[in-house]
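Chemist: The opening residue of the sequence shown carries number 25 in this note's numbering; numbering runs sequentially from there.
Yeah, the Cβ is synthetic: ideal placement off N, Cα and C, and Gly gets one too.
Source: prediction; values computed, not measured.
Before I ask anything, here is the structure I am working with.
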Amino acid sequence: MRRPLVAGNWKMNGSLESVRNLLDGIKRGIDEVKNADVAVCPPFVFIPETEKLLAGSVIGWGGQDLSIESSGAYTGEVAASMLNDFGCQYVIVGHSERRTYHAESDELVAKKYAAAQAAGLVPILCVGETLEEREAGVTEQVVARQLDALINLAGVESLTDGVIAYEPVWAIGTGKTATPEQAQDVHAFIRGRVAAKSAEVADGVRILYGGSMKPDNAKELIGKPDIDGGLIGGASLKAEDFLGICTAAN
Ligand code: 13P
Numbered sequence: 025m026r027r028p029l030v031a032g033n034w035k036m037n038g039s040l041e042s043v044r045n046l047l048d049g050i051k052r053g054i055d056e057v058k059n060a061d062v063a064v065c066p067p068f069v070f071i072p073e074t075e076k077l078l079a080g081s082v083i084g085w086g087g088q089d090l091s092i093e094s095s096g097a098y099t100g101e102v103a104a105s106m107l108n109d110f111g112c113q114y115v116i117v118g119h120s121e122r123r124t125y126h127a128e129s130d131e132l133v134a135k136k137y138a139a140a141q142a143a144g145l146v147p148i149l150c151v152g153e154t155l156e157e158r159e160a161g162v163t164e165q166v167v168a169r170q171l172d173a174l175i176n177l178a179g180v181e182s183l184t185d186g187v188i189a190y191e192p193v194w195a196i197g198t199g200k201t202a203t204p205e206q207a208q209d210v211h212a213f214i215r216g217r218v219a220a221k222s223a224e225v226a227d228g229v230r231i232l233y234g235g236s237m238k239p240d241n242a243k244e245l246i247g248k249p250d251i252d253g254g255l256i257g258g259a260s261l262k263a264e265d266f267l268g269i270c271t272a273a274n
């Protein structure tokens, strides 16, 4: 049995005050959630405060991105070791917003995944197709290409302790959720592709769904056999909504 994971991707939102309120709210409701892992990924600057507030709780935390370099003259970048210094367990790599606005290639994303894993972090590899790609019928090709970049670079074993998040770009922040059947189809495809290299790794890897997941659609999505939790954007910014999704996963 795979243990579900619900991770909040706060993106570029929040203030010191709102972060304190949000974490306080999540902490107050989290005791009910015993059968799922829960984590939040704040903007870098709020990670020290997150560590302070979540240390000793069951809630994990992580970054939204990292550098492939370990240190040096890379203005604006953050290294895996720095995330370690502030107690991060997770880091998102290859989010579609990074791929789109920062031109991150499949190869760079795979290197980020490997850098995170080498530092002991659990990378969350985001994959997913755009609306044009879905309409052109190439969803599986796109997701396969994104996944294969990692498998070719780091081997299928790199997925043993990692996490994949299937996030159809057309469902992100649009209120348009993939139907549970649409999501399950792609999740099953991803697991099958991993299974072609290693059945054991495929059986253990957690595949999260992301894209307009809310408390009222989470249960049906996470209820599907190959959907092992969620990567939550908008709904992770409200304690009540985030907890509602955690409860659904639980
Ligand atoms: P929304 O939940 O706001 O659609 O965002 C999903 C997402 O991009 C999580 O990484």
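Going by beta carbon distance, what residues of the same chain come within less than 7 Å of Ala226, once the five residues before and after it are set aside?
Modeler: Cβ neighbours of Ala226 beyond the five flanking positions: Arg215, Val218 and Ala219.
Chemist: Assuming Pro72 is part of the alpha helix (DSSP H), what are its boundary residues?
Modeler: Start and end: Ile71 to Leu78.
Chemist: Which residues does DSSP list as the beta-bridge partners of Asn59?
Modeler: Answer by DSSP bridge pairing: none, since Asn59 is not bridged.
Chemist: Could you check what DSSP says for Cys65 in three-state terms: helix, strand or coil?
Modeler: The answer is strand: DSSP assigns Cys65 an E or B state.
Chemist: Just the Cα atoms here: how many angstroms apart are Ile265 and Gly53?
Modeler: Looking at the sequence provided, one finds Asp at residue 265 rather than Ile. Taking the straight line from one Cα to the other gives about 11 Å.
Chemist: So if I measure from each beta-carbon to every heavy atom of ligand 1 and keep distances below 6 Å, which residues remain?
Modeler: That query returns the following residues: Asn33, His119, Glu191, Ile196, Gly197, Gly234, Gly235, Ser236, Met237, Leu255, Ile256, Gly257, Gly258 and Ala259.
Chemist: Within 8 Å, do at least three Cβ pairs link the segment 103-122 to the segment 38-50?
Modeler: Counting Cβ pairs under 8 Å, fewer than three are found: no touch.
Chemist: Who are the Cβ neighbours of Lys238 in its own chain at under 6 Å, not counting the five residues just before and after it?
Modeler: Cβ within range, chain order: Ala259.
Chemist: So Arg230 is in the beta strand (DSSP E); what residue range does that whole segment cover?
Modeler: Here the beta strand (DSSP E) through Arg230 covers Arg230 to Tyr233.
Chemist: Taking the C-alpha atoms as reference points, what is the distance between Phe70 and Pro147?
Modeler: Spanning the two alpha carbons is a distance of roughly 19 Å.
Chemist: Work out the CA separation of Ile175 and Ala263 for me, nearest whole Å.
Modeler: C-alpha separation (whole angstroms): 36 Å.
Chemist: State the CB to CB distance for the pair Gly254 and Gly268, rounded to an integer number of angstroms; the pair is presumed to be in contact (CB under 8 Å).
Modeler: The Cβ separation is near 11 Å, so there is no contact.
Chemist: Spatial neighbours of Pro204 within its chain, please: C-beta separation below 6 Å, excluding the five flanking residues on both sides.
Modeler: Around Pro204: Glu244, Leu245 and Lys248.
Chemist: Determine the DSSP secondary structure at Asn108, reduced to helix, strand or coil.
Modeler: Looking at Asn108 - three-state DSSP - the assignment turns out to be helix.
Chemist: Report the rounded CA-to-CA distance for Val82 versus Asp61, giving the unit in angstroms.
Modeler: Near 8 Å, if we compare the C-alpha coordinates of Asp61 and Val82.
Chemist: Count the other CB atoms within 10 Å of the CB of Pro72; is the residue buried (16 or more) or exposed (fewer)?
Modeler: Pro72 comes out exposed.
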